[in-house]
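Protein chains in written order, with the working numbering: chain V, 3 to 182; chain S, 3 to 125.
In what follows, a structure is listed as structure tokens, so that the remarks can point back to it.
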């Protein structure tokens with residue numbers, strides 16, 4: 003898949019855990035960081051491609067579970083049904099990711115991943131993409147800057163299906179804000 | 003119970019930015035040895051490395067203005083805070099858009115920062 007437009011910052015921190023650490027959480031290993039970076043990269047590409055596709059109403063909810071919690075510009079949604087309700091009313095989108103950061107979260111193996119994404123999103127297809135009978139007041143796309151944060155949780159019921167894949171993740175928490 | 007995380011998140015952010023804007027070295031108690039910061043794509047781990055980074059930032063004065071804050075519960079009592087806002091540095095005219103994500107972990111009667119990710123949003 004083409005890399006253009008995605009400036010991936012593999013910004014997961016170094017693994018040194020000081021010996022004075024008193025918490026029970028197991029330390030992050032280099033393997034955790036490699037997993038995190040790869041998984042976050044793969045996830046963001048897949049997520050936004052799905053979001054921007056014609057089949058998003060069927061496909062995007064599969065990233066979520068009934069326990070997922072979403073906030074879209076302050077509006078709360080929950081679960082798979084909530085995602086569907088949000089997507090049903092969303093004009094077509096085109097997302098362009100500028101950067102993402104990820105942290106593996108200690109406590110489970112494989113770890114959960116905290117991922118934050120910056121980019122822009124254009125809603126609507128603009129006049130060139132509209133069918134000839136489109137009403138005059140259809141939204142024309144202007145790119146909006148967005149900031150989105152995910153907590154990705156390994157799915158215990160969905161073992162990896164591809165070689166090299168470590169886990170399937172679902173979205174436990176999702177926060178989106180348009181900026182400006 | 004469901005309101006608690008929202009007010010914890012908001013109180014934390016208010017406290018964090020007040021300290022940051024007055025004396026960033028006082029943020030040290032908020033972090034632990036295994037806390038992680040990603041600052042403009044650069045990773046840091048542990049209180050010492052994190053505070054060194056924050057106190058070495060080159061501005062003298064800074065003011066954070068929060069435009070939006072979203073708070074969600076995470077697993078095991080942890081709290082996710084997502085902030086969008088503007089930074090004003092050294093009294094300059096530019097208000098730089100930023101976003102910042104914190105994950106807070108309960109510890110006794112307080113919370114500490116396990117994860118902190120900061121980006122200027124110049125997209």
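Even for Gly, the Cβ is constructed at its ideal location relative to N, Cα and C.
Computed from a predicted model, the values in this text were never measured in an experiment.
Classify residue i as helix, strand or coil using the three-state DSSP reduction.
i	result
residue 84 of chain S	strand
residue 26 of chain V	Residue placement at residue 26 of chain V cannot be trusted, given a pLDDT of 47 that sits under 50; the coordinates are not used to answer.
residue 56 of chain V	coil
residue 95 of chain S	coil
residue 96 of chain V	strand
residue 113 of chain V	coil
residue 62 of chain V	helix
residue 44 of chain V	helix
residue 31 of chain V	coil
residue 57 of chain S	helix
residue 25 of chain S	coil
residue 10 of chain V	With a pLDDT of 41 at residue 10 of chain V, under the threshold of 50, the modelled position of that residue is not reliable, and the figure given next carries that caveat. Of the three classes helix, strand and coil, the one that applies to residue 10 of chain V here is coil, per DSSP.
residue 76 of chain S	coil
residue 39 of chain V	helix
residue 85 of chain V	helix
residue 159 of chain V	coil
residue 11 of chain S	helix
residue 21 of chain V	Note that residue 21 of chain V has pLDDT 36, beneath the 50 cutoff, so the model's placement of it is unreliable and the number below is only indicative. Coil at residue 21 of chain V, not helix or strand.
Whose C-alpha, out of the options, is nearest the C-alpha of residue i?
i	options	result
residue 179 of chain V	S:93, S:20, S:72 and S:26	S:72
residue 95 of chain S	S:107, S:121, S:65 and S:124	S:65
residue 70 of chain S	S:87, S:76 and S:63	S:87
residue 100 of chain S	S:83, S:37, S:124 and S:106	S:124
residue 93 of chain V	V:111, V:126, V:115 and V:83	V:126
residue 147 of chain V	V:35, V:182 and V:59	V:182
residue 52 of chain V	V:42, V:41, V:43 and V:64	V:64
residue 27 of chain S	S:106, S:43 and S:53	S:53
residue 33 of chain S	S:120, S:19, S:41 and S:107	S:107
residue 82 of chain S	V:96, V:109 and V:72	V:72
residue 110 of chain S	S:79, S:97 and S:90	S:79
residue 100 of chain V	V:67, V:151, V:82 and V:121	V:121
residue 175 of chain V	V:67, V:45 and V:55	V:67
residue 40 of chain V	V:70, V:159, V:115 and V:152	V:115
residue 80 of chain V	S:55, S:74 and S:59	S:74
residue 57 of chain V	V:77, V:104 and V:90	V:90
residue 159 of chain V	V:170, V:152 and V:48	V:170
residue 117 of chain S	V:34, V:106 and V:59	V:106
residue 30 of chain S	S:38, S:12, S:49 and S:115	S:49
residue 59 of chain S	S:97, S:6, S:114 and S:23	S:23
residue 172 of chain V	V:149, V:117, V:145 and V:74	V:117
residue 121 of chain S	S:21, S:105 and S:39	S:39
residue 77 of chain S	V:108, V:145 and V:74	V:108
residue 114 of chain S	S:55, S:36 and S:63	S:36
residue 20 of chain S	S:67, S:10 and S:43	S:67
residue 34 of chain V	V:44, V:86, V:111 and V:50	V:111
residue 95 of chain V	V:49, V:82 and V:83	V:49
residue 155 of chain V	V:98, V:143, V:97 and V:104	V:104
residue 150 of chain V	V:31, V:76, V:157 and V:177	V:177
residue 98 of chain V	V:145, V:77, V:152 and V:78	V:145
Counting along the chain, where does the alpha helix (DSSP H) carrying residue i start and finish?
i	result
residue 124 of chain S	Note, residue 124 of chain S: premise wrong, no alpha helix (DSSP H); not H, not E.
Identify every residue that forms a DSSP beta bridge with residue i.
i	result
residue 66 of chain S	S:89
residue 109 of chain S	S:112
residue 176 of chain V	V:72 and V:152
residue 107 of chain V	V:114
residue 146 of chain V	V:123
residue 37 of chain S	In DSSP, residue 37 of chain S forms no bridge with anything.
residue 102 of chain V	V:119
residue 102 of chain S	S:85 and S:120
residue 171 of chain V	V:156
Could you give the residue range of the beta strand (DSSP E) that holds residue i?
i	result
residue 30 of chain S	No beta strand (DSSP E) holds residue 30 of chain S; DSSP gives it neither H nor E.
residue 44 of chain S	44-47
residue 78 of chain V	77-80
What whole-angstrom Cβ distance do residue i and residue j have, given they're in contact under 8 Å?
i	j	result
residue 119 of chain V	residue 46 of chain V	6 Å
residue 15 of chain S	residue 85 of chain S	6 Å
residue 61 of chain S	residue 103 of chain S	Not really, about 22 Å apart at Cβ, beyond 8 Å.
residue 55 of chain V	residue 61 of chain V	7 Å
residue 38 of chain V	residue 102 of chain V	So it is not a contact: roughly 11 Å between Cβ atoms.
residue 88 of chain V	residue 74 of chain V	6 Å
residue 93 of chain S	residue 63 of chain S	6 Å
So which residues on chain B does residue i lean against when the C-beta distance must stay under 9 Å?
i	result
residue 70 of chain S	In summary, chain B is missing from the structure at hand, where the protein chains are V and S.
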